[in-house]
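A.B. asks:
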DNA sequence: CTTCCTATTTAGAACGATCTAAGTCGCGAT
DNA sequence: ATCGCGACTTAGATCGTTCTAAATAGGAAG
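Chains as they are written, first to last, in my numbering: chain W, 93 to 428; chain R, 93 to 428.
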């Protein structure tokens, strides 16, 4: 039961006042070089630890931010998280993590808990079906929020994401250039802004080419869901020659399902994913995908939040990363 | 700039004292039912938020724990994290997350920061090359620690992990039963307890069978590293008919590398992984692997920490999960 | 009508920092 | 000498809780 070393103890040891030590801790330019060195030595000797909890009480900033993701199994979110953690760590901030499991109720509890812990701000990837009123509530609490990957409301908060509409466009144009004319889309059942944006990109991209909409199939957002949807894809009336998938996890699951049904992806039917997760390079054939840089998105989100904390009144900003097509074998070769 | 609602405000509204409200917040049985209801109503009216930071200052418990992982891209750690978060969330605790990037220095900074934030305890997967003295230091700070997945020191702290020695044994016996006699092991360069345990399991399992050690190849812990190691595996003097891999990520990378070299995994050469990540079912051919239940390990680790926080003096406990073999096609068919 | 409980409530001092406003010190200028 | 000024330093209040020890109310028992 070691008694805690406090500012007072350090102050005594160094023969200065508590206030001066506090200034040293916070690296204020006000203290004389000599005093600073003395105090720092004593701090090291006594193994002083700055109590951020106590500090927050007076200063209002806790150097803590919360991150809410809907899911931790899709490595997209992991990479995203990794980017957030990286940037926040560099800014000497700490990340509180929680998983909403795509459940708005759970998300509410989490935000409430975060609030109790005095987080300075939150990076939120809103759960499916989140009530748009949530943003008002957060604003009312005046808790700075950056939305990421998904969005509720229109420009209600800062936002970091990737340009999925463009990503889908890249994929479609690639397929069309290879000669495909009937392209299907494997989507998800969950109604999120992410889904909307991709579908929008899909129809828009088709309109700019002479290819046609080969039909839309919906699956659960898991590789198993995609695996099972292979049958439905093969039964589409349009007999698509290519399938564009909501993300890489679904694409990989679909490829496995197609094989089960006796088709060879990349040969009998082209498959293309979105996100370019590491797993895209591990499937066979390797998966053509569109890189969305989740870690960069995470880093941007963290950057936006840091910016807002520093300047609460700057106008709302959106940070949208430009996607890049990664051509591999699953999209097959020119078909004629 | 909404001024914060404090205990005092609630107390005024309800016509009681601050102390009573505090008791209500903490669900003490001391307050009379009638008062409790009245206070609760006022709390709801004013949208009172319990300030856990201020609370911790007096009470010493922050209901916050820290998790340090060496990496966030391998989904093994993600699932682990997910298990931790789940259990902690249920216990109404919050998780501080940090990534050591397998760097002991960074790990030190993180622990220091966590300490500053007053975490009640830490779940640590020690970075490669961590000085065993770290545990003493943590103990000296009297910060409860549960180690997980990797371990420094011998039974120095509570530990949650999987029985990798047994997992490797399952895999080897499976291969031997299929007729393999020359089995190679694809290991990693990083010197961790995880590596040691698997190698130990490997030699021990071989000794119990009539198969021989087909050689050990080391790779970077990434799919690219494994991809590149395919050549080295094929050049082994023993000409192994099967390769057991450190984990699924390496196994998937190896399979891709073997294909590049013109071999068909599961047909020309058996490949088997460890961990049974979701990705094992997405490779082609699907990867035979040994399920280590990372989410369960995470949940156990969280459970152990919760237990230690509740009873600081209980003896050290180890929680080891029993692995299960998942047979798929990459281990091939009986070879004669 | 005391007295003694039990059940509840409370005043006031912590906790470990930050902030404000007021000091102190040395030194060159008047 | 005295003043003014810049460069530092500091006393003391304060943040929103919890804790301790003591106060109070309302009976039941004597």
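Note that CB positions come from ideal geometry on N, CA and C, so glycine has one too.
Everything numeric in this text was worked out from a predicted model, so none of it was measured.
Between which two residues does the alpha helix (DSSP H) holding residue 105 of chain W run?
C.D. replies: Position 13 of the first chain holds residue 105 of chain W. That run of the alpha helix (DSSP H) goes 99–106.
A.B. asks: Strictly under 8 Å for the Cβ-Cβ distance: is residue 186 of chain W near chain R by that measure?
C.D. replies: On the first chain, position 94 is the one that residue 186 of chain W refers to. Yes, because at least one Cβ of chain R sits closer than 8 Å to the Cβ of residue 186 of chain W.
A.B. asks: Decide yes or no for the touch test of the stretch 286–300 of chain W against the stretch 327–335 of chain W: beta carbon pairs closer than 8 Å, at least 3 of them.
C.D. replies: no
A.B. asks: Do you know whose CA, among R/188, R/344 and R/120, lies nearest residue 316 of chain R's CA?
C.D. replies: One-based indexing of the second chain puts residue 316 of chain R at position 224. Selected option, being the one with the closest Cα: R/344.
A.B. asks: How about residue 207 of chain W and residue 235 of chain W: are their beta carbons less than 8 Å apart?
C.D. replies: Within the first chain, residue 207 of chain W is the residue found at index 115, counting from 1. Within the first chain, residue 235 of chain W is the residue found at index 143, counting from 1. For residue 207 of chain W and residue 235 of chain W, yes; Cβs fall inside 8 Å.
A.B. asks: Could you check whether the Cβ of residue 236 of chain R sits closer than 8 Å to any Cβ belonging to chain W?
C.D. replies: On the second chain, position 144 is the one that residue 236 of chain R refers to. Residue 236 of chain R does not count as touching chain W.
A.B. asks: Residues in the same chain with beta-carbon distance under 6 Å from residue 218 of chain W, minus the five sequence neighbours each way, listed in chain order, please.
C.D. replies: Along the first chain, one-based indexing puts residue 218 of chain W at 126. Same-chain partners within the cutoff: 242 and 244.
A.B. asks: Could you tell me which residues DSSP pairs with residue 217 of chain W in its beta bridges?
C.D. replies: The sequence position of residue 217 of chain W within the first chain is 125, counting from 1. According to DSSP, residue 217 of chain W bridges with nothing at all.
A.B. asks: Are any of the Cβ atoms in chain R nearer than 8 Å to that of residue 200 of chain W?
C.D. replies: Here residue 200 of chain W refers to the residue found at position 108 of the first chain. Judged by the 8 Å Cβ criterion, residue 200 of chain W is not in contact with chain R.
A.B. asks: Would residue 171 of chain R pass as an interface residue toward chain W - the criterion being a Cβ-Cβ separation below 8 Å?
C.D. replies: Position 79 of the second chain, counted from the first residue, corresponds to residue 171 of chain R. Among the CB atoms of chain W, one or more fall inside 8 Å of the CB of residue 171 of chain R.
A.B. asks: Just to confirm the assignment, what range does the alpha helix (DSSP H) spanning residue 349 of chain W have?
C.D. replies: Here residue 349 of chain W is taken as the residue at index 257 of the first chain, counted from 1. Its alpha helix (DSSP H) spans residues 340–352.
A.B. asks: Does DSSP classify residue 93 of chain R as helix, strand or coil?
C.D. replies: The residue you call residue 93 of chain R lines up with position 1 of the second chain. Any reading at residue 93 of chain R needs caution, since the residue's pLDDT is 44, under 50, leaving its predicted position unreliable; the model's value is listed next. Annotated three-state conformation of residue 93 of chain R is coil, per DSSP.
A.B. asks: Pull up the distance between the alpha-carbon of residue 191 of chain R and that of residue 108 of chain R, whole angstroms please.
C.D. replies: Here residue 191 of chain R is taken as the residue at index 99 of the second chain, counted from 1. Here residue 108 of chain R is taken as the residue at index 16 of the second chain, counted from 1. Answer to the nearest angstrom: the Cα atoms are 46 Å apart.
A.B. asks: Residue range of the alpha helix (DSSP H) that residue 169 of chain R falls in?
C.D. replies: For this step, residue 169 of chain R is matched to residue 77 along the second chain. 167–182 is the span of the alpha helix (DSSP H), which, as asked, contains residue 169 of chain R.
A.B. asks: Interface residues of chain R around residue 181 of chain W at Cβ under 7 Å?
C.D. replies: Position 89 of the first chain holds residue 181 of chain W. Per Cβ cutoff of 7 Å: 190.
A.B. asks: What's the gap between the Cα of residue 270 of chain W and the Cα of residue 322 of chain W?
C.D. replies: Here the question's residue 270 of chain W lines up with position 178 in the first chain. Here the question's residue 322 of chain W lines up with position 230 in the first chain. Approximately 22 Å between the Cα atoms of the pair.
A.B. asks: Can you list, in chain order, the stretches of the alpha helix (DSSP H) that have 4 or more residues and sit fully within the stretch 224–287 of chain W?
C.D. replies: 225–232 and 256–269
A.B. asks: Are three or more beta carbon pairs between the stretch 370–379 of chain W and the stretch 343–362 of chain R nearer than 8 Å?
C.D. replies: yes
A.B. asks: For residue 392 of chain W, count the other beta carbons within 10 Å of its own beta carbon; 16 or more makes it buried, fewer makes it exposed. Which is it?
C.D. replies: In the first chain, counting from the first residue as 1, residue 392 of chain W sits at position 300. It counts as buried.
A.B. asks: Specify, as a first and last residue, the run of the beta strand (DSSP E) that residue 408 of chain R falls within.
C.D. replies: As a position in the second chain, residue 408 of chain R is number 316, starting the count at 1. Neither: residue 408 of chain R is in no beta strand (DSSP E) and is coded neither H nor E.
A.B. asks: Can you tell me the Cα-Cα spacing of residue 411 of chain W and residue 377 of chain R, whole angstroms?
C.D. replies: For the purposes of this step, residue 411 of chain W is identified with residue 319 of the first chain, where counting begins at 1. For the purposes of this step, residue 377 of chain R is identified with residue 285 of the second chain, where counting begins at 1. So the alpha carbons of these two residues sit roughly 39 Å apart.
A.B. asks: Taking all protein chains shown into account, do 16 or more other C-beta atoms lie within 10 angstroms of the C-beta of residue 136 of chain W, making it buried, or fewer, making it exposed?
C.D. replies: Numbered from 1 along the first chain, position 44 holds the residue referred to as residue 136 of chain W. Its Cβ having fewer than 16 others within 10 Å, residue 136 of chain W is exposed.
A.B. asks: Residue 323 of chain R lies in the alpha helix (DSSP H); which residues open and close that run?
C.D. replies: Along the second chain, read from residue 1 onward, the residue named residue 323 of chain R stands at position 231. Its alpha helix (DSSP H) spans residues 315–326.
A.B. asks: According to DSSP, simplified to helix, strand and coil, what is residue 310 of chain R?
C.D. replies: Counted from its first residue, the second chain places residue 310 of chain R at position 218. If DSSP states are grouped into helix, strand and coil, residue 310 of chain R belongs with the strands.
A.B. asks: Hey, does residue 143 of chain R have any beta-carbon neighbour from chain W nearer than 8 Å?
C.D. replies: Here residue 143 of chain R refers to the residue found at position 51 when the second chain is read from its first residue. By this cut-off, residue 143 of chain R is an interface position.
A.B. asks: Which class does residue 134 of chain R belong to by DSSP, given the choice of helix, strand or coil?
C.D. replies: Translated into the one-based positions of the second chain, residue 134 of chain R becomes position 42. If DSSP states are grouped into helix, strand and coil, residue 134 of chain R belongs with the helices.
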